[in-house]
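2 protein chains.
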Amino acid sequence: MDMKVDRLRPSGPKRKRKPGRPQKSANGDDARERILDAAENLFAHHGLDAVSIRDVARRAHVDTALVHYYFATKRGVFDAVFQRRAAILNKERIAMIDAYEAAPGPGGVTVEGLIEAFLSPLFDASVRGGPKWKDYFALIAQVNNNPDWGGETMARFFDPVIRHLIAALRRALPAARDEDLFWSYHFLSGALTLTFAQTGRIDLLSDGLCKSTDFAAASARLSRYIAAGFEAICVSRPKVRTRTK
Amino acid sequence: MDMKVDRLRPSGPKRKRKPGRPQKSANGDDARERILDAAENLFAHHGLDAVSIRDVARRAHVDTALVHYYFATKRGVFDAVFQRRAAILNKERIAMIDAYEAAPGPGGVTVEGLIEAFLSPLFDASVRGGPKWKDYFALIAQVNNNPDWGGETMARFFDPVIRHLIAALRRALPAARDEDLFWSYHFLSGALTLTFAQTGRIDLLSDGLCKSTDFAAASARLSRYIAAGFEAICVSRPKVRTRTK
DNA sequence: CGAATAATTCATCATCGGGTGAATTTCTCG
DNA sequence: CGAGAAATTCACCCGATGATGAATTATTCG
């Protein structure tokens, strides 16, 4: 329940190996990577607090102390997991948005096109990147909905991309008000997040007709759905009374 | 991390007090209620696993053993919290949908009208019901996104209402395919859930322009947004290619 | 009142969990 | 090889945690 952040002891090797030499093995089979993979999987499926460092160590076939050696603290493990794939992703997403804006289809820049550009790296990674990427997105889903430190963490890692998207949307919807854009993005974020969480909810609700794991089906619908929402909120403003009460 | 469900010992009093006599106090100040309130608040803000029974007991000014006396196990506490407000809510929501279908506005039943009927009891409770209701919804947000047991739990408590909504939507959108309806609802669920989670994310993203706690602002936009999404996905089907690859 | 039952507290257990310092093995490079 | 650094393991601390049985107080009702 408490959330200590002080780091009393440095973690990891004091002096890095000289760069250029192979780090023990070229594939991702170092203990460090194994720990990250194990943590990613467990955190994604059970949540940060439900998983102990011992669980992670066991799954990585590694001693508990080694986890502390590399990451100092449990939160350190988490941050490392979170960080690992974020950078790759963000670079791709910004590139996609820019590419689309530079060369949209014949009709010019559309909201749907922007949303699609923003989302496609995510769905590409989860559909083609294998189970580890799916785990990672499930992890993000957890964080995004954590009322304690989720907002702050997400902001720290993903705000640049999102501001980039919103700026592009603002250009595509010049009449839109900022509040409407932010709330519209917020709803997008929620819809996306629940999909990534893979809760099995839709499987139960639809009696098996739809599958939580079927990101292709979600991807085929989400952009249109969200684009329509954006346009409904941000384009015509007459019916939205924002001065509430 | 484990999820024991076996209940070895019965919980609570073996014989209930005879009904009709006041249960110690008319207001909600019994220990039992205090425990539920404390748990609701703590679980909502920090998540189930991040909160100990001791935390709950401390906050309720009650001995730890009393919590076990009433609810046997930690999960028992959680279920009781979850259950407490669900029944009330569900009854209201079904009534609202039925009322709207029986007497829609001049234009007949619309998707937006149905969504609004479905959502209004929630926003009413959170705006007018005080902080405990807000806590409760934050709790639901946690559950809804929990990949471990979230889907199952949500289904157990809320599926009837949702199936009711979907049936009504099917009538309003006779051309819609079921997969599209389910996925559309899924996105609605995610958007709603993230709003209820109150992560402070939108506050950071919008530099304070929007507030996570401003459910009125969310409510003013969500129905239109979602209705537009439903219509985009469920009405015209040409562009959606569901047979992916 | 007084017995029965409910509500509540106390003391305690066994385990888990994060974290740590020292020891041990493995690797790298001169 | 052999010194030094990195990687990994071992043994351990100690507070927190879920849970429990017995004891104690409060309440109800005949």
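Each protein sequence line maps, in turn, to chains H and F.
For reference, each letter of the first sequence is one residue, going 1292 to 1536 in the numbering used here.
For reference, each letter of the second sequence is one residue, going 1292 to 1536 in the numbering used here.
Yeah, the Cβ is synthetic: ideal placement off N, Cα and C, and Gly gets one too.
From a predicted model like this one, the values you see are computed outputs, not experimental measurements.
The Cβ atoms of residue 1512 (chain F) and residue 1480 (chain H) lie no closer than 9 Å to each other. Collapsing the DSSP output to three states places residue 1421 (chain F) in coil. Within the same chain, Cβ atoms closer than 6 Å to the Cβ of residue 1467 (chain H) are found at 1525, the five residues on either side in sequence being excluded. DSSP places residue 1439 (chain F) outside both helix and strand once states are collapsed to three, so it counts as coil. Residue contact with chain F for residue 1454 (chain H): present (Cβ-Cβ distance below 9 Å to some residue of chain F).
Annotated three-state conformation of residue 1401 (chain F) is coil, per DSSP. Contact of residue 1513 (chain H) with chain F is assigned, a C-beta pair being separated by under 9 Å. Look at residue 1328 (chain F): its C-beta is not under 9 Å from any C-beta on chain H.
Residue-level contact by beta carbon holds for residue 1484 (chain H) and chain F, with a gap shorter than 9 Å. Along the length of the segment 1345–1412 of chain F, whole alpha helix (DSSP H) runs at least 4 residues long occupy 1355–1362 and 1365–1393, reported in chain order. Interface annotation, residue 1489 (chain H): in contact with chain F, CB-CB separation under 9 Å.
Going by C-alpha positions, residue 1354 (chain H) is about 14 Å away from residue 1363 (chain H). Here DSSP, grouped into helix, strand and coil, assigns residue 1465 (chain H) to coil. Between the alpha carbons of residue 1330 (chain H) and residue 1425 (chain H) lies a distance of about 13 Å.
Around the beta carbon of residue 1494 (chain H), 16 or more other beta carbons sit within 10 angstroms, so the residue counts as buried.
Neighbours of residue 1435 (chain H) across chain F, judged by C-beta separation under 9 Å: 1436, 1485, 1488, 1490 and 1492.
Around the C-beta of residue 1404 (chain F), 16 or more other C-beta atoms lie within 10 Å, and the residue is accordingly described as buried. Counting only Cβ-Cβ distances below 8 Å, residue 1495 (chain H) has contacts in chain F at 1442, 1443, 1446 and 1450, in chain order. Annotation for residue 1525 (chain H): the continuous alpha helix (DSSP H) segment containing it runs 1506–1525.
At a cut-off of 9 Å between C-beta atoms, residue 1500 (chain H) counts as an interface residue with respect to chain F. Its chain contains 1387 as the residues whose beta carbon lies nearer than 7 Å to that of residue 1411 (chain F), once the 5 sequence neighbours on both sides are disregarded; these appear in chain order.
Of the candidates H:1402, H:1523, H:1345 and H:1378, H:1402 places its Cα closest to the Cα of residue 1458 (chain H). Leaving aside the five residues that flank residue 1473 (chain H) on each side, the residues in its chain whose CB is nearer than 8 Å to its CB run, in chain order, 1457. Taking residue 1346 (chain H) as the centre and dropping the five residues before and after it, the same chain places the C-beta of 1333 closer than 7 Å to its C-beta, in chain order. Around residue 1478 (chain H), the beta-carbon contacts reaching into chain F at under 7 Å are 1482, 1513 and 1516.
Residue 1389 (chain H) counts as exposed, since fewer than 16 other beta carbons sit within 10 angstroms of its beta carbon. DSSP places residue 1341 (chain H) outside any alpha helix (DSSP H), giving it a letter other than H or E.
The three-state reading of DSSP puts residue 1500 (chain H) in coil, since its state is none of H, G, I, E or B. Interface criterion not met: the Cβ of residue 1352 (chain F) is under 9 Å from no Cβ in chain H. When only Cα atoms are considered, residue 1463 (chain F) and residue 1376 (chain F) end up about 29 Å apart.
Around residue 1509 (chain F), the beta-carbon contacts reaching into chain H at under 9 Å are 1474, 1477 and 1478. Classified as exposed, residue 1379 (chain H) has fewer than 16 neighbouring CB atoms from the shown chains inside 10 Å of its CB.
Contact with chain H is found for residue 1523 (chain F), since one of that chain's Cβ atoms lies less than 9 Å from the residue's Cβ. Residue 1361 (chain F) has its alpha-carbon roughly 41 Å from the corresponding atom of residue 1352 (chain H).
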